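Novice: As numbered in my numbering, the sequence shown has no gaps in its residue numbers, which increase by one up to the final residue, 243.
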Amino acid sequence: MASKKVVTKKAEPKRTAPPLETLDRLHAIHPDAHCELDHANAFQLLCATVLSAQTTDVNVNKATPKLFARYPDANALAKAEPLDVEPLVATLGFFRQKAKSLVGLARALVENHGGNVPQSMDDLVKLPGVGRKTANVVLGVIWNTPDGVVVDTHVGRLATRLRWTKNTDPVKVEKDLCKRLPRERWNITSHILIFHGRRVCFARKPACDKCGIRDACPSAFKAENVGRKPARSPRVLTVVT
Ligand code: SF4
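Set out below in C-alpha cells:
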C-alpha cells in the first residue's frame, strides 16, 4: 500500500492588515506603552534623551537620579562645568561628550528661553545636541504635539517587518509612518513599537510564535534578517539625535 505523504502546513500570514488596525492590536497588547526614560518634567526628559544616545534607557535611568538631584533645573546645570557633570554620567558611553552637551544645552535654555524648554520644533533643534528625534520625544511625551514619529532602532525594525516602509533611512521611515498613521497617534506609535520591539519582536530572534499579531504580519516566522541594522563601524557617536 502506498504511504500517504504528510504535508505540514507552514504558518503564513493571511493578509497584510492596514497599519492603524495593527497598531490598535499592538496597543491592546501593550496598553501601558510609554516613554521608559524616567523624568519629572520637560527639562529632565530633554537631558535624559540626550544621554540616551548609544545606550539603553535602563542605563540612563540609573544615572539620572543623582544628576537631577544635583542639578534640578537648567539654571543649576548652566552654572556647572562639564568636568563637574562627568562623574555623574560616567557610567554611560561617551560621557565626556554628553556632559559637555548637557551643560551647553542648559546654558542655551537659560540664555534664550528663560531656563524653560521651548515647545516648538524650530526652537528645540536650535539647542546644542538636540536633533529632530530628541525634539519629537519631548514634544510628544510632554505636550503630545510631536512633529512626526520618533524613529529609533526598534521603530525602524518593526516598521520594516510590518511593511509600513521600504526605507531604512530614519527620516524617510518617519515620513512613511506619518503618511500612514493619523497625527493624533504619532506619539503613542513609537512607544507601542518600542515596547513590542523590546519584549517580543527582538532584533535577532523575534518571538513570532508568541506574537499577538503574527496573523497580520508579513514577516512572521521569517523576520530574523528583516529590518536589522547592518553591523556598525566601531565607536561612532551620533551626538545630535
Ligand atoms: S514578532 Fe514576528 S510576527 Fe510579531 S511583529 Fe515581529 S516579525 Fe511580525
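All C-beta atoms in this analysis are idealised placements derived from N, C-alpha and C, irrespective of residue type, glycine included. It should be emphasised that the depicted structure is a prediction, and the values quoted were computed from it without experimental measurement.
(1) Between the alpha carbons of N114 and A19, how many angstroms are there, rounded?
(2) Rounded to the nearest angstrom, how far is the Cβ of I245 from that of H29, given a contact under 8 angstroms?
(3) DSSP three-state call for I215: helix, strand or coil?
(4) Between the C-alpha atoms of P120 and C180, what's the straight-line distance to the nearest angstrom?
(5) Start and end of the alpha helix (DSSP H) containing F197?
(6) Can V202 be considered in contact with the ligand SF4, in the sense that its beta carbon sits closer than 6 angstroms to one or more heavy atoms?
(7) By a C-beta neighbour count over all protein chains shown, 10 Å radius and 16 as the cutoff for buried, is T240 buried or exposed?
(8) Comparing C-alpha positions only, which one of V157, D125, A71 and A101 sits nearest to V52?
(9) Measuring straight from C-alpha to C-alpha, what distance separates A225 and L164?
(10) Between which two residues does the alpha helix (DSSP H) holding K29 run?
(11) CB of S221 to nearest heavy atom of the ligand SF4: below 6 angstroms?
(12) Is it the case that the CB of V206 approaches a heavy atom of the ligand SF4 more closely than 6 angstroms?
Specialist: So, to answer that:
(1) Your numbering for residue 114 matches position 112 in the sequence shown. Your numbering for residue 19 matches position 17 in the sequence shown. Answer to the nearest angstrom: the Cα atoms are 46 angstroms apart.
(2) With the chain running from 3 to 243 in the structure shown, residue 245 is simply not present.
(3) Indexing the sequence shown from 1 puts residue 215 at position 213. Note: I215 maps to coil in three-state DSSP.
(4) Counting from 1 along the sequence shown, the entry for residue 120 is found at position 118. Counting from 1 along the sequence shown, the entry for residue 180 is found at position 178. Cα to Cα, the separation comes out at about 23 angstroms.
(5) Mapped onto the sequence shown, residue 197 falls at position 195. Where F197 is concerned, the enclosing alpha helix (DSSP H) stretches over W188 to R201.
(6) Along the sequence shown, read from residue 1 onward, the residue named residue 202 stands at position 200. Result yes, Cβ under 6 angstroms from the ligand SF4.
(7) The residue given as residue 240 occupies position 238 in the sequence shown. Below a pLDDT of 50, predicted positions are generally treated as unreliable, and T240, at 43, falls in that range; no measurement from the model is reported.
(8) Taking the sequence shown and counting its residues from 1, one reaches residue 52 at position 50. Selected option, being the one with the closest Cα: A101.
(9) Translated into the one-based positions of the sequence shown, residue 225 becomes position 223. Translated into the one-based positions of the sequence shown, residue 164 becomes position 162. Approximately 10 angstroms between the Cα atoms of the pair.
(10) Position 27 of the sequence shown, counted from the start, is the residue given in the question as residue 29. Note on identity: in this sequence residue 29 is His, with Lys being the wrong assignment. Unbroken alpha helix (DSSP H) run through H29: P21 to I31.
(11) On the sequence shown, position 219 is the one that residue 221 refers to. Yes, Cβ of S221 sits closer than 6 angstroms to a heavy atom of the ligand SF4.
(12) As a position in the sequence shown, residue 206 is number 204, starting the count at 1. As written in the sequence, residue 206 is Arg, which differs from the Val given in the question. The answer is no for R206.
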